[in-house]
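Protein chains: 6
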Amino acid sequence: MKQIITFGEVLMRLSPEGNKKFMQANLLEFYFGGTEINVGISIANFGEKVKHISCVSDDFVGDTAISYIQKFGVSTSAIARSNRPLGVYFLEVGAVMRPSSISYNRSHSSFADIRPEMVPWENILKKAKWIHWTGITPALCKGGYDTLKAGLLLAKKSGIQVSTDPTYRKGLWKYGENAKEVLSDLISLSTIFIGGVNEINEVLETNYSYSNEDFIEASKELMKHFPNITKIFDKIRTPINASWHKIRARMWNGNEFRETTDFDITHIIDRIGTGDAFAAGLIYGLQSFDDYKAMEFASAACALKHTYEGDVNYATVDEVTAILNGDVSGRVNR
Amino acid sequence: MKQIITFGEVLMRLSPEGNKKFMQANLLEFYFGGTEINVGISIANFGEKVKHISCVSDDFVGDTAISYIQKFGVSTSAIARSNRPLGVYFLEVGAVMRPSSISYNRSHSSFADIRPEMVPWENILKKAKWIHWTGITPALCKGGYDTLKAGLLLAKKSGIQVSTDPTYRKGLWKYGENAKEVLSDLISLSTIFIGGVNEINEVLETNYSYSNEDFIEASKELMKHFPNITKIFDKIRTPINASWHKIRARMWNGNEFRETTDFDITHIIDRIGTGDAFAAGLIYGLQSFDDYKAMEFASAACALKHTYEGDVNYATVDEVTAILNGDVSGRVNR
Amino acid sequence: MKQIITFGEVLMRLSPEGNKKFMQANLLEFYFGGTEINVGISIANFGEKVKHISCVSDDFVGDTAISYIQKFGVSTSAIARSNRPLGVYFLEVGAVMRPSSISYNRSHSSFADIRPEMVPWENILKKAKWIHWTGITPALCKGGYDTLKAGLLLAKKSGIQVSTDPTYRKGLWKYGENAKEVLSDLISLSTIFIGGVNEINEVLETNYSYSNEDFIEASKELMKHFPNITKIFDKIRTPINASWHKIRARMWNGNEFRETTDFDITHIIDRIGTGDAFAAGLIYGLQSFDDYKAMEFASAACALKHTYEGDVNYATVDEVTAILNGDVSGRVNR
Amino acid sequence: MKQIITFGEVLMRLSPEGNKKFMQANLLEFYFGGTEINVGISIANFGEKVKHISCVSDDFVGDTAISYIQKFGVSTSAIARSNRPLGVYFLEVGAVMRPSSISYNRSHSSFADIRPEMVPWENILKKAKWIHWTGITPALCKGGYDTLKAGLLLAKKSGIQVSTDPTYRKGLWKYGENAKEVLSDLISLSTIFIGGVNEINEVLETNYSYSNEDFIEASKELMKHFPNITKIFDKIRTPINASWHKIRARMWNGNEFRETTDFDITHIIDRIGTGDAFAAGLIYGLQSFDDYKAMEFASAACALKHTYEGDVNYATVDEVTAILNGDVSGRVNR
Amino acid sequence: MKQIITFGEVLMRLSPEGNKKFMQANLLEFYFGGTEINVGISIANFGEKVKHISCVSDDFVGDTAISYIQKFGVSTSAIARSNRPLGVYFLEVGAVMRPSSISYNRSHSSFADIRPEMVPWENILKKAKWIHWTGITPALCKGGYDTLKAGLLLAKKSGIQVSTDPTYRKGLWKYGENAKEVLSDLISLSTIFIGGVNEINEVLETNYSYSNEDFIEASKELMKHFPNITKIFDKIRTPINASWHKIRARMWNGNEFRETTDFDITHIIDRIGTGDAFAAGLIYGLQSFDDYKAMEFASAACALKHTYEGDVNYATVDEVTAILNGDVSGRVNR
Amino acid sequence: MKQIITFGEVLMRLSPEGNKKFMQANLLEFYFGGTEINVGISIANFGEKVKHISCVSDDFVGDTAISYIQKFGVSTSAIARSNRPLGVYFLEVGAVMRPSSISYNRSHSSFADIRPEMVPWENILKKAKWIHWTGITPALCKGGYDTLKAGLLLAKKSGIQVSTDPTYRKGLWKYGENAKEVLSDLISLSTIFIGGVNEINEVLETNYSYSNEDFIEASKELMKHFPNITKIFDKIRTPINASWHKIRARMWNGNEFRETTDFDITHIIDRIGTGDAFAAGLIYGLQSFDDYKAMEFASAACALKHTYEGDVNYATVDEVTAILNGDVSGRVNR
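Residue numbers (UniProt numbering), protein chains in the order written: chain A, 1 to 334; chain B, 1 to 334; chain C, 1 to 334; chain D, 1 to 334; chain E, 1 to 334; chain F, 1 to 334.
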């Protein structure tokens with residue numbers, strides 16, 4: 001079985017238990033995460049072979065991060081080590097009308113040491129069938145951008161699928177590159193676009209609205225600029241408040257517009273990593289099902305992620321499928 | 001005051017805190033439970049005298065189980081000890097569309113050593129007014145079946161009430177007996193049937209639907225086969241998802257069909273043992289109220305159990321009655 | 001910046017984690033609180049200078065209480081010490097139809113040692129612009145009543161605003177004074193009345209209903225008896241159950257009746273101190289906004305408090321304002 | 001089997017986990033204790049029948065205290081309820097050269113409501129063979145003194161053994177009685193004196209030193225004043241620091257002076273209740289062994305208590321005996 | 001690098017935090033362990049390739065056990081799954097003169113399903129250089145004995161090293177085989193004997209004392225009976241109490257008797273698995289050093305294990321070597 | 001009362017509970033610390049007025065750090081905020097022969113943004129009587145060095161005492177300055193030297209041994225080079241292992257050599273910050289006692305710090321004095 005490659009920073013997440021403010025706590029729970037490793041682990045939980053590429057600290061924190069990733073069977077053989085510390089983020093979990101808050105400590109972390117020569121792309125891609133990247137990586141540091149680009153160029157040559165979740169976060173772009181140019185450069189090397197009108201407007205400098213009509217137009221426009229892109233998937237979150245969301249998705253694959261119904265997540269356990277669960281669901285689904293079924297699978301995976309603590313989606317294919325088959329009754333499995 | 005007798009395995013329940021997957025935890029909370037002891041403790045919390053019959057391990061785990069039961073004032077003098085270990089079950093608590101999962105370690109536990117000669121039924125029943133049994137006990141082991149039958153035969157002779165929750169779980173019947181025959185044998189010695197169309201179809205090999213009409217027909221049919229049975233109570237659970245259920249109940253007492261309205265349990269704290277809380281509510285209620293009021297009391301008790309952590313219903317008669325009187329406002333008691 | 005003065009008992013709150021019954025726990029979380037200090041800390045979190053007057057125990061518990069209050073920047077220089085222990089309350093947190101329960105250990109606590117001569121009112125009021133008191137303080141002990149009255153008399157002379165939340169709790173009035181007389185005495189020295197028909201009926205011995213019409217009539221009647229009172233604010237709580245409430249407010253300021261819309265608190269994290277958050281919101285709001293906007297601010301602050309663990313409202317002005325501006329989407333702040 | 005009676009206040013103990021200062025914690029562990037109930041529970045763990053007499057709060061805290069005591073099989077049928085709160089003590093656990101600290105909240109607790117007419121001494125003593133009291137009880141409140149004296153007078157008449165641990169704590173004597181007189185009054189009704197030179201000096205206003213010679217003289221003098229006293233046992237603690245103690249004991253029984261060797265407690269887990277474990281060991285031992293063996297048993301029980309968390313000695317007779325037989329090797333029992 | 005093979009049951013260990021009695025807890029910490037997997041993980045932590053053979057439950061508990069083992073890089077590809085539950089042991093941790101206690105729930109666990117045909121010994125041994133077994137495995141069940149013997153026969157043929165820790169625990173031998181015969185059978189296929197006079201006396205039915213002279217004689221006698229055995233290593237534990245041990249070792253390799261000095265473990269953190277750490281140290285050391293240096297390495301590894309919580313020795317070669325070089329100063333590594 | 005000024009980085013400390021390896025944990029305890037703030041808080045606990053100068057992150061982590069410092073009454077008004085994250089260190093706590101390990105994440109933290117113009121030295125020193133600095137600050141970043149030097153120059157002019165703990169840690173000096181030169185530069189502005197032969201050898205490039213004779217010679221040599229230095233204090237740690245240390249101190253004040261006896265810390269609770277407690281003890285002691293008594297006070301304070309969890313010394317003057325007076329008996333304070 002060929003591998004799926006994810007590439008990006010691994011962060012340690014630290015948050016007080018329950019809904020405590022940081023100031024109320026003296027104990028923190030920790031998990032490891034990061035948008036791309038979240039995708040990687042979720043795909044591994046679907047039964048695929050996954051290799052994650054990153055650079056982590058050369059201390060007991062980095063050892064623990066690697067051990068954490070290995071638990072899920074994701075290959076860590078391409079994770080480099082640096083004597084800078086691992087990136088950390090602190091999370092305060094909100095509720096109802098109180099939003100969650102995140103504070104990052106990542107800008108000089110071990111991942112900032114990543115360099116193209118640290119990643120043996122040729123060897124890696126020989127055994128690979130898919131690469132996934134997000135807009136976080138080229139935003140973090142020049143090394144991230146260069147290393148990613150080196151991989152994508154090679155991937156294009158080899159005809160490997162390249163999916164992107166080009167999430168644009170303005171605050172991250174600090175090292176001197178122009179976000180629009182860098183993202184365009186990398187999107188042009190990609191085949192699956194996981195994002196919506198927001199991201200398209202950012203990259204194309206357009207002004208489409210959220211309507212389905214505009215989504216279709218925007219998608220067509222995107223494909224015109226990036227002819228490599230064959231499919232566009234957009235997850236739509238309708239929040240009632242921080243504790244209760246509805247999730248659905250829509251797609252344009254060049255021929256067809258489709259939309260799922262809503263999943264009603266009445267009691268959110270953990271909101272972090274749910275977008276990554278959607279991306280992972282798509283990457284798995286597009287290899288197994290038709291486009292619409294893949295999108296449904298991804299939406300159900302995303303919905304299910306809201307019920308797991310931590311960044312990672314523990315759901316298996318059987319568990320996602322059970323939900324698609326309508327089993328949301330909460331019967332106890334014995 | 002005469003005693004109510006419960007008979008069955010005591011299990012240790014072990015689960016990660018909150019909604020953690022087993023794989024995410026390194027600490028487990030423990031409680032003791034088991035369908036019959038849950039019923040027994042709940043009835044004791046209603047102020048009745050209760051004696052539980054069982055066989056637990058002769059080690060510090062068994063000591064702790066007995067100590068746990070004694071806390072509620074349930075008599076443990078008829079609990080035998082065995083050098084086999086206490087049965088254990090592991091629980092992962094789900095949320096929203098993620099179901100909870102249970103893994104049992106009970107098939108060679110101390111309860112499997114139970115033998116009729118270990119239980120002085122004659123002495124026990126002299127001071128008893130009611131026995132409650134469930135379909136789990138005869139399913140677990142031959143000793144459980146034999147011991148239970150010895151008690152029920154004596155109970156019938158003495159005119160003691162016998163209630164049954166004949167829950168049929170296929171996976172448990174492994175020691176060679178035929179479930180249908182065994183259950184029929186024991187139901188024929190019982191007077192109150194706590195179960196619905198599912199259980200009746202299983203025992204009578206019929207095909208009734210869930211409609212009220214079919215429930216009445218099925219109940220009449222059951223009473224024809226088991227003329228000892230005088231009343232049938234059926235709890236109906238309408239799940240929105242694993243975190244949000246509605247509960248109501250219906251009954252047939254030979255003369256009258258009645259149905260309660262729904263209790264809306266919008267934020268389930270713990271789903272385990274809620275059926276046992278219903279049975280306990282009935283056993284208490286049928287001694288104090290008319291059939292319909294007893295069923296209402298049982299439904300409210302069942303609803304209230306969803307708000308307590310662990311297997312056990314802590315609700316008192318006053319607390320259940322307050323809910324029946326419409327006090328669900330969440331006012332703080334000071 | 002002039003100070004806002006709060007005066008009242010500081011209690012230690014002790015409760016099992018999650019929704020555990022006391023009997024299920026062997027660990028208790030602790031917070032410090034008390035209706036007036038809750039108001040004081042919340043106002044300090046809005047950026048005002050606050051001084052709290054109280055009397056706490058002269059041991060490591062009292063040290064910890066003072067340290068807790070100092071964390072929020074509230075001045076503790078006017079907190080006396082006594083060799084009696086700090087008051088304690090135990091809390092069991094309910095859910096859905098199970099109410100929370102509180103057990104107090106406060107009647108001979110350090111606060112009962114408070115005497116007028118322990119509080120340098122003249123000095124304190126020189127730097128003050130507002131005093132807030134509640135009906136709990138004069139109910140607890142004669143020293144509380146006397147000390148409070150001494151302060152209010154001086155405040156009236158100096159033209160300082162005096163707000164009151166005259167909460168009447170019958171069980172507390174044990175030391176021999178007549179509640180109606182004492183409360184009337186103190187209300188006559190106050191300018192802002194935070195309470196509704198219940199409290200007015202108690203003080204005036206009237207029988208108004210909850211209708212808006214009666215609220216207006218009752219308010220007019222109250223102002224007739226206590227011409228010092230210029231504004232009346234009434235918070236209305238509509239509980240679906242113990243886990244789900246709706247909150248709105250109404251007001252009469254002598255000229256105008258206004259009413260807010262409901263805030264829907266679908267997943268209550270902690271219900272204690274939410275009324276205090278309303279009072280704090282009003283005290284802050286009335287200094288910054290018009291009456292209606294102040295009431296809206298107070299309602300949003302009250303709603304937001306339901307999402308924090310402990311007695312204290314951590315919300316800042318920006319966070320409350322964001323909710324008033326309609327941002328209840330639960331977007332993660334990064 | 002006749003009962004052993006203990007009489008005294010039940011307190012809730014609250015302490016941060018580990019060696020945390022109160023100010024560092026936000027979680028407290030709780031246990032129930034109190035010098036006399038500690039003795040009672042320890043004796044019950046030795047297999048005796050024990051009844052404890054007290055007065056606890058009529059709330060969920062008192063319910064939990066009673067449930068805690070019942071777990072050990074100690075009869076709680078003579079425990080009265082009061083609407084005052086249960087006494088509480090806060091504990092900071094020291095280490096090495098840092099002493100532990102205790103802050104009490106007990107002076108107006110439910111036990112202060114105890115009155116002679118609440119205790120049916122006649123009925124209780126009919127089934128009793130031994131009463132144990134300590135100097136804490138008459139120090140706390142007049143009701144404690146009166147109730148205790150009523151019992152001791154009756155006990156003397158019936159020839160029941162009365163042991164006393166007359167611990168003198170000056171800070172507790174606040175309600176107006178003279179400690180020396182009250183203690184003398186009660187010691188004159190007792191038969192076994194568990195205390196040393198300190199206590200004798202206090203009661204007789206003498207000045208004996210700690211030497212064995214003086215101990216013998218002091219004991220003779222005490223017996224002269226209180227001819228009812230037949231045996232005196234003195235536990236000697238040699239602290240290296242707060243984490244490491246040595247324990248031995250000496251005795252005078254009118255004829256013979258004996259002394260045990262030291263038990264070396266190199267790693268103290270919990271120091272509270274160790275004196276109570278000594279008293280309990282004596283009460284058990286004097287009924288089963290000769291005086292010296294009883295004192296050895298008590299010393300070993302006391303030493304063993306230092307290894308249990310909480311106030312209570314969990315040691316069984318077998319476990320104490322194993323230590324007396326020299327088994328301190330720390331072999332794991334499988 | 002060729003693999004080292006360990007074979008044996010994987011157990012879940014459950015114990016209260018700190019030194020709590022089971023009866024005092026409501027939370028349990030869990031670890032996975034078992035004498036052979038402890039050895040395997042420790043060797044993997046020394047940098048060797050290790051494969052563990054076992055049979056674990058086919059549920060989320062078994063999944064978690066496998067995930068736990070994988071974290072250390074030990075290959076789990078030869079671990080079979082069974083629908084019986086995973087074995088469990090409960091542990092109460094003692095202190096000072098209080099011994100620790102273990103209660104097992106393993107006799108009908110998933111490991112009891114092991115059968116020779118489930119283990120592809122030929123393939124496994126092709127890539128192996130060493131097998132380690134203990135006396136626990138043939139004691140547990142016939143399947144364990146048969147499977148082990150199949151492997152050892154093949155190992156002998158291939159000239160692979162076979163080390164044994166023949167720990168004899170009488171209580172485990174319940175399935176009908178004769179311990180002495182079975183152990184002799186398997187020892188005759190082994191090359192390294194990790195055990196002392198006790199084990200030799202058991203197998204040879206001799207009566208040697210603990211003196212060094214007798215150890216040498218016993219070793220010679222053992223080698224006479226089992227000419228395959230080339231080296232004998234004996235770990236000697238001198239307990240001061242349950243919290244403080246001294247550890248040293250001695251050896252006879254056919255030519256030479258040697259003895260190490262004592263390691264003084266003044267504050268034991270966790271005693272479980274320390275013998276396994278000694279065996280692992282030997283297996284690693286004998287491949288890298290001369291016999292005496294290997295024994296020293298093993299003793300230091302064993303000593304170091306007493307400082308890690310759980311069953312597993314986390315020590316690396318560098319950390320063990322640092323101790324051998326005399327660095328026991330507790331300097332903080334920064 | 002004039003203030004004592006401390007200046008340096010505030011770090012968040014994160015460590016698993018107990019003696020767990022990072023890899024074993026999923027919960028971390030947190031404290032705030034840093035060598036200079038540790039000194040500052042300890043002095044504040046001795047009753048002095050203290051102001052700490054630093055630069056912390058402008059997020060909820062920095063808010064929490066400031067709130068933590070305020071709890072001890074240390075002034076935080078001169079703490080700047082930066083949009084870089086707060087420095088973090090991870091700690092694994094060792095035991096016996098296992099050393100503790102620390103992993104830092106501080107090199108691009110908020111403190112690296114400190115600049116001389118951010119600190120109003122003139123205003124601060126007007127109200128100051130003492131500045132304390134350590135060798136960590138100039139090692140971390142140029143801004144730290146520059147800011148510190150600006151302060152020390154002014155302090156020298158104003159005749160304010162300047163104490164230094166010039167701890168040399170090679171790994172920290174990365175930003176291009178020469179450690180020896182920088183340290184010499186700053187020591188020449190200081191009056192009290194808290195360090196020993198190691199530090200003197202580093203700065204003077206000498207080779208003195210640890211003997212008392214060499215210590216005196218080295219001290220004289222140091223004073224020759226830095227005539228501003230009037231007193232030198234050297235703390236000597238004699239570790240038995242990581243859990244058991246002995247502490248004493250020696251001094252040279254130009255006239256007199258003195259040495260304390262050893263404090264025996266048989267059970268270390270927390271080793272971090274013990275050197276800082278010594279420095280704080282000196283700074284307090286030199287203002288209150290003669291040199292020898294000050295050194296004794298500092299040694300006792302240092303010893304006592306080993307019994308508190310976290311970086312901070314909670315000891316008060318009374319508590320330190322009690323130890324100096326020989327009260328190490330572990331009597332419980334009631």
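We put the CB at the ideal spot given by N, CA and C, even for glycine. All values derive from a computational prediction rather than experimental measurement.
Would you check if the distance between the CB atom of residue i and the CB atom of residue j is smaller than 8 angstroms?
i, j, result
"C:Trp252", "C:Ile229", "no"
"E:Ser110", "E:Leu125", "no"
"C:Phe257", "C:Leu222", "no"
Counting C-beta neighbours from all protein chains within 10 Å, is the total for residue i 16 or more, i.e. buried, or is it exposed?
i, result
"D:Asn45", "buried"
"C:Lys20", "buried"
Distance, Cα to Cα, residue i vs residue j?
i, j, result
"A:Phe226", "F:Glu117", "50 angstroms"
Go through the segment 121-163 of chain D residue by residue and report every complete run of the beta strand (DSSP E) that reaches 3 residues or more, in order.
Taken in chain order, the unbroken stretches of beta strand (DSSP E) that lie wholly in the segment 121-163 of chain D and span 3 residues or more are 128-134.
Specify whether the segment 92-100 of chain E and the segment 54-67 of chain E touch according to this definition: at least 3 beta carbon pairs, one from each stretch, less than 8 angstroms apart.
Put simply, the segment 92-100 of chain E does not touch the segment 54-67 of chain E. Fewer than three CB pairs are less than 8 angstroms apart.
Taking the runs of the alpha helix (DSSP H) that are 4 residues or longer, which of them lie wholly in the segment 271-312 of chain F?
The segment 271-312 of chain F contains these whole alpha helix (DSSP H) runs: 274-288, 291-305.
Does the segment 242-249 of chain C touch the segment 264-275 of chain C, meaning 3 or more C-beta pairs lie closer than 8 angstroms?
With three or more CB-CB distances shorter than 8 angstroms, the segment 264-275 of chain C counts as touching the segment 242-249 of chain C.
I'd like the ranges of any beta strand (DSSP E) spanning at least 3 consecutive residues and lying wholly in the segment 244-274 of chain F.
Those beta strand (DSSP E) runs which fall completely within the segment 244-274 of chain F and span 3+ residues are 244-252, 257-259, 263-265.
Taking contact to mean 3 or more Cβ pairs, one atom from each stretch, closer than 8 angstroms, check whether the segment 32-39 of chain B and the segment 305-322 of chain A are in contact.
In short, these stretches do not touch, since the Cβ pair count stays below three.
Count the CB pairs spanning the segment 178-192 of chain E and the segment 134-144 of chain E that are closer than 8 angstroms, and state whether there are at least three.
Yes: at least three Cβ pairs fall under 8 angstroms.
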